[in-house]
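Enquirer:
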Amino acid sequence: MDALTFQAEIRRIEKLMYRVSMSYLGNAEDAADAVQDTLIKAWEKQNTLSRPEQFRPWVMRILVNRCKDVLRKRRRRSFYPLEESIPDPEMPQPQPPVMEAVAALKPELRAVIVLHYVDGYGVQEIADSLGIPLGTVKTRMRNARKRLKQTLLVEWEGEE
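Residue numbers (the numbering used here): 10 to 169.
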């Protein structure tokens with residue numbers, strides 16, 4: 010694959026890549042870094058791609074693996090609270106309860122929910138994009154909906 014073809018293929022899926030990495034990582038800087046690392050690795054390893062028609066799932070699998078690496082590194086780090094709090098110049102806007110519940114999902118569940126309900130991808134398109142079986146996408150969707158229902162129902166009942 011030459012540089013122009015690679016670039017054209019990446020441009021077709023760059024928004025999807027960013028959405029998936031945001032779904033996994035929940036942080037714009039980490040998501041952008043994961044996408045950038047994925048592009049570098051895909052370019053370096055493009056000779057390992059045996060079927061060019063599988064480019065999108067191949068790149069998405071690299072991205073998902075990179076996001077999982079970032080999450081593993083986050084868990085290993087230990088954070089110590091600052092003794093003096095630093096005022097936040099910009100107060101974050103409160104999120105709707107649904108978005109908070111989605112943000113609380115495991116990254117792999119959050120990714121399929123965001124791709125389906127926010128980006129409008131079908132189940133087969135999600136499976137193709139993430140390079141995972143159709144049944145896995147359906148299972149993740151079912152599990153995510155179940156957890157969202159539990160979380161939102163508890164919150165709704167707590168308001169009464």
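Glycine included, every Cβ here is placed at the ideal spot set by N, Cα and C.
Is isoleucine 71 closer than 8 angstroms to threonine 47 when the C-beta atoms are compared?
Expert: Counted from its first residue, the sequence shown places residue 47 at position 38. Counted from its first residue, the sequence shown places residue 71 at position 62. Contact: yes.
Enquirer: My output table needs one value for serine 138: the three-state DSSP class, helix, strand or coil.
Expert: Sequence index remark: in the sequence shown, residue 138 carries index 129 (1-based). If DSSP states are grouped into helix, strand and coil, serine 138 belongs with the helices.
Enquirer: So, for leucine 114: in the same chain, excluding its five sequence neighbours on each side, which residues have a beta-carbon less than 7 angstroms away from its beta-carbon?
Expert: By 1-based counting over the sequence shown, the position of residue 114 is 105. Cβ neighbours of leucine 114 beyond the five flanking positions: Ile122, Ala153, Arg156.
Enquirer: With three or more C-beta pairs closer than 8 angstroms as the rule, is the region 71-81 touching the region 26-35?
Expert: Result yes; three or more Cβ-Cβ pairs closer than 8 angstroms.
Enquirer: Who are the near neighbours of methionine 170 in its chain, counting only those whose CB is closer than 6 angstroms to its CB and skipping five residues on each side?
Expert: Given that the chain is displayed from residue 10 to residue 169, the structure contains no residue 170 and the question cannot be resolved.
Enquirer: When the Cα atoms are used, what is the spatial distance from tyrosine 130 to valine 163?
Expert: Numbered from its first residue, the sequence shown carries residue 130 at position 121. Numbered from its first residue, the sequence shown carries residue 163 at position 154. Whole-angstrom Cα-Cα distance: 29 angstroms.
Enquirer: Around the C-beta of arginine 65, are 16 or more other C-beta atoms found within 10 angstroms, so that it is buried, or is it exposed?
Expert: Taking the first residue of the sequence shown as 1, we reach residue 65 at position 56. That one is buried.
Enquirer: DSSP three-state label for proline 32, please.
Expert: Your numbering for residue 32 matches position 23 in the sequence shown. According to the sequence as given, residue 32 is serine; it is not proline. It is helical.
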